[in-house]
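Everything on this sheet refers to the single structure shown next.
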Amino acid sequence: MLDGIWKGVAAVALLIGPLADQVRAEAGIDLENKVVTIGAFTPITGPVPFYATLTHASEAYFKRLNDSGEVDGWTFNFITKDDGYDPARSVAVARSLVEDDKIFALAAPLGTATNVAVIPYANEVGVPIIGPVGGASQFFVEPSVFPLLPDYGWSAGASAEYAVNGLGHKKIALLWENDELGKSAKRGFDLVMKDLGIEPVESVPFDVKTTSFSAHIRRVQNSGAETVILYGSNANLAAALKAADLQGVDVAWFAPFFTADPSTLKLTGDLLEGVYFSSWLLPVASDEPEIVAYREAVAKYYPKDPVGVLGLNGWSNAALFHKGFEMLLDSGKEITRANMIAVMNTMSDAAVGGARGVTFIEGDHRGTRQEGIIQYKDGEFVLVRDFQPYPSVAFDAAAGN
1 MLDGIWKGVA
11 AVALLIGPLA
21 DQVRAEAGID
31 LENKVVTIGA
41 FTPITGPVPF
51 YATLTHASEA
61 YFKRLNDSGE
71 VDGWTFNFIT
81 KDDGYDPARS
91 VAVARSLVED
101 DKIFALAAPL
111 GTATNVAVIP
121 YANEVGVPII
131 GPVGGASQFF
141 VEPSVFPLLP
151 DYGWSAGASA
161 EYAVNGLGHK
171 KIALLWENDE
181 LGKSAKRGFD
191 LVMKDLGIEP
201 VESVPFDVKT
211 TSFSAHIRRV
221 QNSGAETVIL
231 YGSNANLAAA
241 LKAADLQGVD
251 VAWFAPFFTA
261 DPSTLKLTGD
271 LLEGVYFSSW
281 LLPVASDEPE
291 IVAYREAVAK
301 YYPKDPVGVL
311 GLNGWSNAAL
321 FHKGFEMLLD
331 SGKEITRANM
341 IAVMNTMSDA
351 AVGGARGVTF
361 IEGDHRGTRQ
371 EGIIQYKDGE
381 FVLVRDFQPY
391 PSVAFDAAAG
401 N
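The numbers in the UniProt record's numbering rise by one with no breaks, and the one at position 331 of the sequence shown is 331.
Listed below in structure tokens is the structure:
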């Protein structure tokens with residue numbers, strides 16, 4: 001008799017299991033009213049409250065979509081919650097978004113360490129993370145994580161390649177922040193320089209809190225460098241440019257994409273003239289429709305926020321969810337998390353917000369696969385070299401190939 005009961009329980013479980021999975025997969029989807037609920041953790045409090053600009057831009061993206069009704073009448077219920085930029089809190093917030101708010105996916109959640117901390121939980125419950133605003137090589141190999149941001153090594157390598165092949169310079173120096181950001185940049189830089197058959201004339205680390213670059217610039221000057229690639233904050237770049245100006249050092253400067261921003265100009269003034277930036281994002285002043293839409297939406301929904309690279313970053317990561325969701329609708333497949341992941345893996349050479357050439361392949365989620373070179377000149381950030389694939393030696397190494 002007990003054997004019969006257990007067989008009955010097993011049969012019921014077999015019936016309930018798929019139904020439960022279906023309900024879980026379709027959480028956050030209101031088919032009748034055409035509403036998809038998504039969420040993000042973001043540091044409203046904590047050490048980086050200025051990152052609110054990124055999340056505001058993501059919110060502006062979804063507000064614009066909702067107002068236009070352009071996604072076949074679907075609206076996006078975008079819920080954000082404060083995690084204080086604390087990875088432990090990020091996990092708790094993600095759990096709340098999934099279990100209390102019943103989100104379909106995490107869209108444009110903010111932070112590198114915070115997203116890394118959330119991955120195990122997201123994998124456990126089957127929630128995709130689309131457009132994490134952060135840079136970690138782990139993102140590229142996670143089956144349900146779809147990042148836009150590149151590895152900093154790819155960008156530093158792209159800068160080195162342009163300095164050599166675009167500017168004709170052979171004497172290249174690197175100033176790098178002595179943490180994971182700078183170390184990642186150095187790895188890619190070293191690989192590309194070796195591939196080019198050129199030895200760096202200097203490679204100088206610095207602490208993120210460094211405010212005086214006099215000694216660093218003396219080393220650059222003594223090396224005879226024609227190009228200096230700096231990987232650090234906009235404050236580091238400003239301090240280095242001021243030191244170089246005081247010492248009369250005339251070189252071509254390169255810096256990371258996130259410093260191609262009006263906030264950097266406030267710190268540097270005219271010293272920013274001529275500086276290059278390897279960037280996976282189009283210039284904020286671009287006339288491309290997606291960038292015009294970003295500027296107009298921020299002006300409408302968050303008029304007190306600055307228009308710059310930080311905002312365009314958040315905007316573009318929100319655009320990635322929109323692009324994937326639209327692909328899912330167009331596919332005619334059932335709107336489930338599993339199907340969302342499946343269609344994301346078919347995205348190829350897509351324009352997404354300020355990014356171009358975005359491609360995801362199952363097992364290879366290096367979404368942003370090309371980068372342009374921006375230069376600040378005559379009061380504007382302009383694209384001086386169109387988007388090209390990252391140097392393969394750095395791009396493949398970052399993904400473990």
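The beta carbon of each residue, even a glycine, is placed where N, CA and C say it ideally should be.
Terminal residues of the alpha helix (DSSP H) in which G157 lies
Along the sequence shown, read from residue 1 onward, the residue named residue 157 stands at position 157. Counting along the chain, the alpha helix (DSSP H) containing G157 begins and ends at 152-161.
Inter-stretch contact (C-beta, 8 angstroms, three-pair minimum) for the region 325-340 and the region 369-385:
Pairwise C-beta distances place the region 325-340 out of contact with the region 369-385, as fewer than three of them are shorter than 8 angstroms.
With burial defined as no fewer than 16 other Cβ atoms inside 10 Å of the residue's Cβ, what is the status of S155: buried or exposed?
In the sequence shown, counting from the first residue as 1, residue 155 sits at position 155. Buried.
Between S223 and A173, is the Cβ-Cβ spacing less than 7 angstroms?
Residue numbering aside, residue 223 sits at position 223 when the sequence shown is read from its first letter. Residue numbering aside, residue 173 sits at position 173 when the sequence shown is read from its first letter. In this structure, S223 lies near A173, with their beta-carbon atoms less than 7 angstroms apart.
With C-beta atoms as the reference, is G157 less than 7 angstroms away from G188?
Here residue 157 corresponds to residue number 157 of the sequence shown, with the count starting at 1. Here residue 188 corresponds to residue number 188 of the sequence shown, with the count starting at 1. For G157 and G188, yes; Cβs fall inside 7 angstroms.
So which of K63, F140, L175, L246 has the shortest CA-CA distance to Q232?
Counting from one through the sequence shown, the residue named residue 232 turns up at place 232. First, the residue type needs correcting, since residue 232 is Gly and not Gln in the sequence shown. Among K63, F140, L175, L246, the Cα nearest to that of G232 is on L175.
Along the beta strand (DSSP E) that carries L106, what are the first and last residues, could you check?
Looking up residue 106 in the sequence shown gives position 106. Its beta strand (DSSP E) spans residues 105-107.
Residues that DSSP places opposite W176 in a beta bridge
Here residue 176 refers to the residue found at position 176 when the sequence shown is read from its first residue. The partner list for W176 (beta bridge, DSSP) reads P205, Y231.
7 angstroms Cβ cutoff met for F258 and Y276:
What you label residue 258 is simply residue 258 of the sequence shown in a count that begins at 1. What you label residue 276 is simply residue 276 of the sequence shown in a count that begins at 1. Not closer than 7 angstroms, so no.
Bounding residues of the alpha helix (DSSP H) (the contiguous stretch that carries Q388)
Start at 1 with the first residue of the sequence shown, and residue 388 comes out as number 388. Unbroken run through Q388 is the beta strand (DSSP E), 380-389; no alpha helix (DSSP H).
Mind reading off the beta-carbon distance from F62 to L320? Whole number of angstroms is fine, and I expect it under 8 angstroms.
For the purposes of this step, residue 62 is identified with residue 62 of the sequence shown, where counting begins at 1. For the purposes of this step, residue 320 is identified with residue 320 of the sequence shown, where counting begins at 1. Not quite, the Cβ-Cβ distance comes to about 12 angstroms (not below 8 angstroms), so this is no contact.
Extent of the continuous beta strand (DSSP E) to which A350 belongs:
Indexing the sequence shown from 1 puts residue 350 at position 350. Run containing A350: 350-352, per the beta strand (DSSP E) assignment.
Check whether the region 101-119 and the region 306-325 are in contact - that is, three or more C-beta pairs closer than 8 angstroms.
Three or more pairs of CB atoms, one per stretch, sit closer than 8 angstroms, so the region 101-119 contacts the region 306-325.
For G73, which residues in the same chain have their Cβ closer than 7 angstroms to its Cβ, ignoring the five residues on either side in sequence?
Here residue 73 refers to the residue found at position 73 of the sequence shown. Cβ within range, chain order: K34.
Can you give me the Cβ contacts of E273 inside the same chain, cut-off strictly under 7 angstroms, excluding the 5 residues immediately before and after it?
In the sequence shown, the residue the question calls residue 273 occupies position 273. If we look at E273 and ignore the five residues flanking it on each side, its Cβ neighbours are Y376, K377.
To the nearest angstrom, how far is the alpha carbon of N77 from that of A52?
Translated into the one-based positions of the sequence shown, residue 77 becomes position 77. Translated into the one-based positions of the sequence shown, residue 52 becomes position 52. When rounded, the distance between both Cα atoms is 18 angstroms.
Between the alpha carbons of G182 and P150, how many angstroms are there, rounded?
For the purposes of this step, residue 182 is taken as residue 182 along the sequence shown, with counting starting at 1. For the purposes of this step, residue 150 is taken as residue 150 along the sequence shown, with counting starting at 1. The alpha-carbon separation between G182 and P150 amounts to approximately 14 angstroms.
Run the CB neighbour count on L31, radius 10 Å, all protein chains shown included, and call it buried at 16 or more, exposed below.
Your numbering for residue 31 matches position 31 in the sequence shown. Here L31 is exposed. Its C-beta has fewer than 16 other C-beta atoms within 10 Å.
Taking W253 as part of the beta strand (DSSP E), name the residues at either end of that continuous run.
Position 253 of the sequence shown, counting from 1, holds the residue named residue 253. Unbroken beta strand (DSSP E) run through W253: 252-256.
Would you call the region 343-350 and the region 377-392 touching, i.e. three or more CB-CB distances under 8 angstroms?
A contact between stretches requires three or more CB pairs, one per stretch, nearer than 8 angstroms, and the region 343-350 fails this requirement with the region 377-392.
Of all the beta strand (DSSP E) runs that stay within the bounds of the region 40-85, which reach a length of 3 or more residues?
Counting whole runs of 3 or more residues, the region 40-85 contains the beta strand (DSSP E) stretches 75-82.
How long is the line joining the alpha carbons of G134 and A239, rounded to whole angstroms?
Against the sequence shown, residue 134 aligns to sequence position 134. Against the sequence shown, residue 239 aligns to sequence position 239. Roughly 25 angstroms between the two C-alpha positions.
Are L281 and G354 touching if we call contact CB-CB under 7 angstroms?
Along the sequence shown, one-based indexing puts residue 281 at 281. Along the sequence shown, one-based indexing puts residue 354 at 354. At a Cβ-Cβ threshold of 7 angstroms, L281 and G354 count as neighbours.
Output needed for V71: all residues of its chain with C-beta closer than 8 angstroms, excluding positions within five of it in sequence on either side, in chain order.
As a first step, residue 71 must be located in the sequence shown, where it is residue number 71. Contacts found: L65, H322, F325, E326, L329.
Along the chain, where does the beta strand (DSSP E) that runs through S214 open and close?
For the purposes of this step, residue 214 is taken as the residue at position 214 of the sequence shown. Element bounds for S214: not the beta strand (DSSP E) but the alpha helix (DSSP H), 214-223.
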